[in-house]
Amino acid sequence: MTDHWIVRLACAAMLMLASTVAGAAEGGKTLQAGNDLGDRASLQRGAQLYMNYCSGCHALKYLRYSRMAKDLGLSEEEVMNNLNFTGAAIGETVGVTLPKAEAEKWFGKMPPDLTLISRVRGSDWVYTYLKSFYLDPGRPLGWNNALFPNASMPNPLWEMQGLQHAVHGKPESPGADPPVTGLNIVQPGNVDAGQYDQAVRDITNFLEYAGEPAALKRQQLGVWVILFLAFLTFLLYLLKKEYWKDVH
């Protein structure tokens, strides 16, 4: 099951939008995504990026367009005109435009659904993975990933991120592959490091939301629960004073 989800995340980076980054994961360590489900603007940007660059191959079969519109503060028209590229109805789930035959031709299998990837791997893992591709002529497609060694997918975001080369350390044992200790941009992309980080963070934020849309509602309800408990505490305090006033 673990390997199955690793493959899912490897495919995720294939079509995700990002931008330039000077440093990524070193030695397989994860970075802090710092995403915020309460940032609706980030979720909206993440939805736009995902739908434009990921949904061609990767479905979100547990997320409906109608639910996304309601949760992210978008109208049905905005969703259908800007985020729906499959011709699906507003009440249907997010599918893909990639034909199965083409997927098997290029990738050997249909790219996996990514609805739950953030819940399985964590947002920090997703964020780091999207920043960790580097050129590797030894791989079939010329790309590798510092967080997920021997990733089978290329990085189609190189025009925005730029081209990264890996810095290798000493092998842990004779004959072993040298570990990746750092990543360097050798050819800048067409966006700066801050824009790249924000784009990847927005995608990560959206994927965390897609994995559990109810989390947004739970946060909203949490405020009211706290207010209710504060009011209840006040009432109980008044009741206690009234009950004990004749004792003192």
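Residues in the sequence shown are numbered consecutively from 1, following the UniProt record's numbering.
Ideal Cβ positions, reconstructed from N, Cα and C, are used throughout, including at glycine.
Predicted, not measured: the structure shown is a model, and the values here were computed from it.
With H, G and I counted as helix, E and B as strand and the rest as coil, what does DSSP make of residue i?
i           : result
Ala-24      : Here Ala-24 scores only 40 on pLDDT, less than 50, and its place in the model is too uncertain to base an answer on.
Thr-204     : helix
Val-94      : strand
Val-191     : coil
Leu-235     : helix
residue 328 : No statement about residue 328 is possible, as the shown extent of the chain runs from 1 to 248 and does not include it.
Gly-211     : helix
Could you name the residues of the same chain whose beta carbon sits closer than 7 Å to that of residue i, not counting the 5 residues immediately before and after it, in chain order?
i       : result
Ala-47  : Met-68, Leu-72, Leu-83 and Phe-206
Glu-159 : Gly-189 and Asn-190
Pro-137 : none
Arg-64  : Gly-91, Glu-92 and Thr-93
Would you decide whether residue i is buried or exposed? Buried here means 16 or more other CB atoms lie within 10 Å of its CB.
i           : result
Ile-226     : exposed
Gln-32      : exposed
Ala-89      : exposed
Lys-245     : exposed
Asn-144     : buried
residue 255 : The requested residue 255 does not occur in the structure, where the chain is confined to residues 1 to 248.
Gln-187     : exposed
Lys-131     : buried
Taking the alpha helix (DSSP H) that residue i belongs to, which residues open and close that run?
i       : result
Lys-100 : 100 to 107
Gly-46  : 40 to 53
Val-79  : 76 to 82
How far does the beta strand (DSSP E) with residue i in it extend, from its first residue to its last?
i       : result
Gln-185 : Here residue 185 is Ile; the residue named in the question, Gln, does not match the sequence. Counting along the chain, the beta strand (DSSP E) containing Ile-185 begins and ends at 180 to 188.
Lys-61  : 60 to 64
Excluding the 5 residues preceding and the 5 following residue i in the sequence, name in chain order all residues of the same chain whose CB lies nearer than 6 Å to its CB.
i       : result
Arg-119 : Gly-211
Gln-44  : Leu-72
Met-110 : Lys-100 and Ala-103
Quick check for students: name the residue ranges of the beta strand (DSSP E) that lie wholly in the segment 109 to 178, counting only runs of 3 or more. 133 to 135, 143 to 145 and 162 to 168
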